[in-house]
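S.K.: Its first residue numbered 52, the sequence shown is counted upward by one per residue in our numbering.
My structure is below; once you've seen it, I'll send some questions.
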Amino acid sequence: MGATDLDHLQAHMKARQAGGQLIAVGSSYLHPLGRHTTPEMVRLERENLAMVRQGMNTGRPIAGIAIKSAVDGKVSGTGTQEVREWATAKKLLPDQTEAALLTLTSGHWVTAIEGLAGTAKTSLVGGISEFAQQRGWTVRGFGTTTTSVGALEQVGIEARTVAKLRAAPLPVKTGREFWIVDESSLLATVPVNELLKLARERGVERIVFVGDQKQHLAIEAGNPVRQLLADNMAVARLTKIRRQKEPGLLQAVELIAAERIPEAVDLLIEQKRVVEIKDPAARYQRIADEYLNAYEVRQNCLVVSPANEERKAINEAVRSALVANGYVQSLGQQHQILIPRDMTDAQKQHALSYHEGDVIYFRRGSKAQQIPKRAYLTVAAVNTEQLSLEKVAKDENLTLRAENGRLISFDPSRWKGLDVYTAETRTIAVGDRLQWREPDNKRRIANGQYATVTALDRHYIEVRFDNNRKVSMPLNDARKVDLGYCSTSHKSQGSTVHKVIINIDSSRHAELVNDRQFYVSATRPEWDARIYTDSVQGMRRAVARTQEKTLALDVVAQERRQQSTAMRI
């Protein structure tokens, strides 16, 4: 904003369309200005489909030989019998057994396991991994988040993030390999394309995508696993929800999973799990009181709220309640934390994307500018006089301040490997619950992990994680954290708690409050869920809104249909 104007932008878009670099399709009520994609995205989607199609009947069954009947489609053979006997010994339920059968006996290179939230997907793939390893296969796990990586590691699977797979080579392949890719709904088109190509070049014999397409989607372009499923990729489905232990809550969750949202809301109201409080401050206070009650009976409780500003306010309200009742020490430390600005790589290249006071983390250093690797520098000034409407000047248009006070002229367009943060201050004390907002690989702390502060002074902090592991570190190294009483639904995906408290402001945009957000939030607890909202009627409408991503090939197909219709007219 400020570096261009609307006419200039539309002229560029028309020029790119004329040159074939941008593909436009007609407008809709969701996209009144029209929808666009690029030839590159079309190519990547076609490549993904082609690679999976080419892998049909070219993979290697993990469990011996399996034969698919031409009459009824059922799988039989020595591999099938072996898996059924193993599943019986493991006491797997019918849907788990069928998922294991498809995964272990399939002759396709790529298959999928789709399971509703709480159907024990991770524990099942842990068993499948054990089966494969006992038969000489090397099993590698990949997660879209460090939370999913941690979950795979807990069930005995060597795992890394998909991002790390793309950035760093794997050890040399020494035998048959089986890749398990978790939280597949969060995968975008580009990483799936790179993953499939890496697997093909490496000679990986089998891949399984594990996830739930009803949960949150990737921020980046595309919904590749849904696209592959629609193209008849072999899939096993887990439908028996095992997480919810309380029958009434289970019934409500089953309705939400079946996309019967109005009935689910009616049932939750009937069960007295929904409270309407219009005033936000009063609502946050009631949420804090509810959390305090759960804390006092030692329930593992999580508050989920879609927007970050709500999360911050609720965290402070809960913390105040805990301090007032002596569960968190009243004297604490003022601590500067770093909140990711979630800028795209393109935004990071432009000086006007930055604000004075932003903190830039340099994953790579610079000898010329004396910036060490892994340094944090603060934006002291954005030199707007050097910027024009036509372009961002290719000069040092940011002034950065190092920790020793040294000022550095800086051109972000020439750099890669930058992370950008907003600095905020929190009061923390012994007893506080923190959530890591980014991974700390050095200390084996995953993104999204929770810990309780057990010791604190001006220089050092000690925390205890939920698995009772204690970690001590310089306080300055614990900057990518926040108070951990309230989380967004994106951060909560993959979590299991005793009780969840959900804050729903019905006036929020459909990108924040929708059917996916409601589904993820409501499926976290084992025993209890409470919903606090500004308006029950507004909430009914808000949580029923759908959130889907348009695929590039769909856009192109729609464009061709429109052109064909126009020609006939």
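Think of the CB as a built atom: it goes at the ideal place given N, C-alpha and C, for glycine as much as any other residue.
The structure presented is a predicted model; accordingly, all values stated were derived computationally and were not measured.
Determine the DSSP secondary structure at H63, reduced to helix, strand or coil.
M.R.: For the purposes of this step, residue 63 is taken as residue 12 along the sequence shown, with counting starting at 1. Three-state result, H63: helix.
S.K.: Among the candidates G273, G456, A101, whose CA atom is the shortest distance from the CA of N283?
M.R.: Within the sequence shown, numbered from 1, the residue matching residue 283 stands at position 232. Minimum Cα distance to N283 is reached at A101.
S.K.: Beta carbon of E96, beta carbon of Q278: below 8 Å?
M.R.: Within the sequence shown, numbered from 1, the residue matching residue 96 stands at position 45. Within the sequence shown, numbered from 1, the residue matching residue 278 stands at position 227. Taking 8 Å as the Cβ cut-off, E96 and Q278 qualify as a contacting pair.
S.K.: Out of H267, I512, V326, Q322, point me to the one whose CA is closest to A480's CA.
M.R.: As a position in the sequence shown, residue 480 is number 429, starting the count at 1. Cα-wise, what sits closest to A480 is I512.
S.K.: Measure the C-alpha to C-alpha separation of D317 and A345 and round it to an integer number of angstroms.
M.R.: In the sequence shown, residue 317 corresponds to position 266, counting from 1. In the sequence shown, residue 345 corresponds to position 294, counting from 1. So the two alpha carbons sit approximately 25 Å from each other.
S.K.: Shortest alpha-carbon distance to R559 belongs to which of T148, P357, T450, A573?
M.R.: Numbered from its first residue, the sequence shown carries residue 559 at position 508. Measuring from the Cα of R559, the nearest candidate turns out to be P357.
S.K.: Can you say whether P463 is buried or exposed, counting buried as having 16 or more other CB atoms within 10 angstroms of its CB?
M.R.: Residue 463 sits at position 412 when you count from the first residue of the sequence shown. Per the 10 Å Cβ criterion, buried.
S.K.: Rounded to whole angstroms, what's the CA-CA distance from K172 to G166? Just pull it up for me.
M.R.: For the purposes of this step, residue 172 is taken as the residue at position 121 of the sequence shown. For the purposes of this step, residue 166 is taken as the residue at position 115 of the sequence shown. Each residue's alpha carbon lies about 6 Å from the other.
S.K.: So, helix, strand or coil for Y346, using DSSP?
M.R.: As a working mapping, residue 346 is identified with position 295 in the sequence shown. Looking at Y346 - three-state DSSP - the assignment turns out to be helix.
S.K.: Counting C-beta neighbours from all protein chains within 10 Å, is the total for N366 16 or more, i.e. buried, or is it exposed?
M.R.: Numbered from its first residue, the sequence shown carries residue 366 at position 315. Buried, since its Cβ has 16 or more Cβ neighbours within 10 Å.
S.K.: In chain order, which continuous runs of the beta strand (DSSP E) of length 3 or greater are located wholly inside the stretch 258-323?
M.R.: Runs of the beta strand (DSSP E) inside the stretch 258-323: 286-289.
S.K.: Here's a check: name, in chain order, each residue in its chain whose Cβ is nearer than 6 Å to the Cβ of Y412, leaving out the five neighbours to either side.
M.R.: Here residue 412 refers to the residue found at position 361 when the sequence shown is read from its first residue. Correct list, in chain order: Y427, D470.
S.K.: Alpha carbon to alpha carbon, how far is I298 from E577?
M.R.: Here residue 298 refers to the residue found at position 247 of the sequence shown. Here residue 577 refers to the residue found at position 526 of the sequence shown. The displayed chain sequence assigns Pro, not Ile, to residue 298. Using only the alpha carbons, I get a separation of about 10 Å.
S.K.: Could you check how far apart the C-beta atoms of V326 and Y583 are, in whole angstroms? I think they sit under 8 Å.
M.R.: Residue mapping note: residue 326 aligns to position 275 of the sequence shown, counting from 1. Residue mapping note: residue 583 aligns to position 532 of the sequence shown, counting from 1. 5 Å between Cβ atoms; contact.
S.K.: Does the distance from the CB of R334 to the CB of D585 come in under 8 Å?
M.R.: Along the sequence shown, read from residue 1 onward, the residue named residue 334 stands at position 283. Along the sequence shown, read from residue 1 onward, the residue named residue 585 stands at position 534. Yes, the Cβ-Cβ distance between R334 and D585 is below 8 Å.
S.K.: On the three-state DSSP scale, how would you describe T502?
M.R.: Taking the first residue of the sequence shown as 1, we reach residue 502 at position 451. Here residue 502 turns out to be Ala, not Thr, going by the sequence shown. Looking at A502 - three-state DSSP - the assignment turns out to be strand.
S.K.: What does the alpha-carbon distance come out to for the pair E245 and R217?
M.R.: For the purposes of this step, residue 245 is identified with residue 194 of the sequence shown, where counting begins at 1. For the purposes of this step, residue 217 is identified with residue 166 of the sequence shown, where counting begins at 1. The straight-line gap from Cα to Cα measures roughly 7 Å.
S.K.: Could you have a look at N554 and say whether DSSP puts it in helix, strand or coil?
M.R.: For the purposes of this step, residue 554 is taken as residue 503 along the sequence shown, with counting starting at 1. The answer is strand: DSSP assigns N554 an E or B state.
S.K.: Beta-carbon within less than 7 Å of D605's beta-carbon, same chain only, minus the 5 sequence neighbours each way: which residues are those?
M.R.: Working through the sequence shown from its first residue, we reach residue 605 at position 554. Excluding sequence neighbours, D605 sits near nothing in its chain.
S.K.: Within 10 angstroms of the Cβ of I270, are there 16 or more other Cβ atoms? Answer buried if so, exposed if not.
M.R.: Taking the first residue of the sequence shown as 1, we reach residue 270 at position 219. With fewer than 16 Cβ atoms within 10 Å of its Cβ, I270 is classed as exposed.
S.K.: First and last residue of the alpha helix (DSSP H) that includes M590?
M.R.: Position 539 of the sequence shown, counted from the first residue, corresponds to residue 590. Per DSSP, M590 belongs to the alpha helix (DSSP H) from 587-594.
S.K.: Roughly how many whole angstroms lie between the Cα atoms of Q61 and G194?
M.R.: Taking the first residue of the sequence shown as position 1, residue 61 is located at position 10. Taking the first residue of the sequence shown as position 1, residue 194 is located at position 143. Cα to Cα, the separation comes out at about 39 Å.
S.K.: Tell me, please, whether the stretch 500-520 touches the stretch 306-320 by the rule of three or more beta-carbon pairs shorter than 8 Å.
M.R.: No, because fewer than three Cβ pairs between the stretch 500-520 and the stretch 306-320 fall closer than 8 Å, the two stretches do not touch.
S.K.: Quick one: what's got a C-beta closer than 6 Å to R288's C-beta in the same chain, skipping five residues either side?
M.R.: One-based indexing of the sequence shown puts residue 288 at position 237. Closer than 6 Å at the Cβ level, and outside the excluded window around R288, lie E165.
S.K.: Is it true that the stretch 525-532 meets the stretch 554-568, where meeting means three or more beta-carbon pairs spaced less than 8 Å apart?
M.R.: Cβ pair count under 8 Å is below three, so no.
S.K.: Can at least three beta-carbon pairs, one atom from the stretch 370-390 and one from the stretch 588-597, be found at a separation below 8 Å?
M.R.: Contact fails: fewer than three Cβ-Cβ distances are below 8 Å.
S.K.: Going by beta carbon distance, what residues of the same chain come within less than 7 Å of Q350, once the five residues before and after it are set aside?
M.R.: Here residue 350 refers to the residue found at position 299 when the sequence shown is read from its first residue. Contacts found: H549, K550.
S.K.: Under 7 Å Cβ to Cβ from Q380, same chain only, skipping five residues before and after it: list those, please.
M.R.: Against the sequence shown, residue 380 aligns to sequence position 329. Excluding sequence neighbours, Q380 sits near A480, V481, G482.
S.K.: With which residues is W137 paired in a DSSP beta bridge?
M.R.: In the sequence shown, the residue the question calls residue 137 occupies position 86. DSSP output for W137 lists no bridge partner at all.
S.K.: Can N110 and G177 be called in contact, C-beta distance under 8 Å?
M.R.: Stepping through the sequence shown from its first residue, residue 110 is reached at position 59. Stepping through the sequence shown from its first residue, residue 177 is reached at position 126. The amino acid occupying residue 110 in the given sequence is Gly; Asn does not appear at that position. For G110 and G177, no; Cβs fall outside 8 Å.
S.K.: Mind pulling the alpha helix (DSSP H) runs of 4 or more residues that sit fully within the stretch 483-529?
M.R.: None, since the stretch 483-529 contains no complete alpha helix (DSSP H) of that length.
S.K.: Which residue marks the beginning of the beta strand (DSSP E) containing T429, and which one marks its end?
M.R.: In the sequence shown, the residue the question calls residue 429 occupies position 378. Taken as a continuous stretch (DSSP letters only), the beta strand (DSSP E) holding T429 covers 426-433.
S.K.: Might you give, ordered along the chain, the residues of its own chain that have their beta carbon closer than 6 Å to the beta carbon of A497, omitting 5 neighbours on each side?
M.R.: Position 446 of the sequence shown holds residue 497. T197, T198, G201, P490, listed in sequence order.
S.K.: With H386 as the anchor, note down where its beta strand (DSSP E) starts and where it stops.
M.R.: On the sequence shown, residue 386 is found 335 positions in, with the first residue counted as 1. Note, H386: beta strand (DSSP E), 384-391.
S.K.: Roughly how many whole angstroms lie between the Cα atoms of D533 and S174?
M.R.: The sequence position of residue 533 within the sequence shown is 482, counting from 1. The sequence position of residue 174 within the sequence shown is 123, counting from 1. Going from the Cα of D533 to the Cα of S174 covers about 29 Å.
S.K.: Mind checking who I459 pairs with in its DSSP beta bridge?
M.R.: As a working note, residue 459 is residue 408 in the sequence shown. Answer is L451, bridged to I459.
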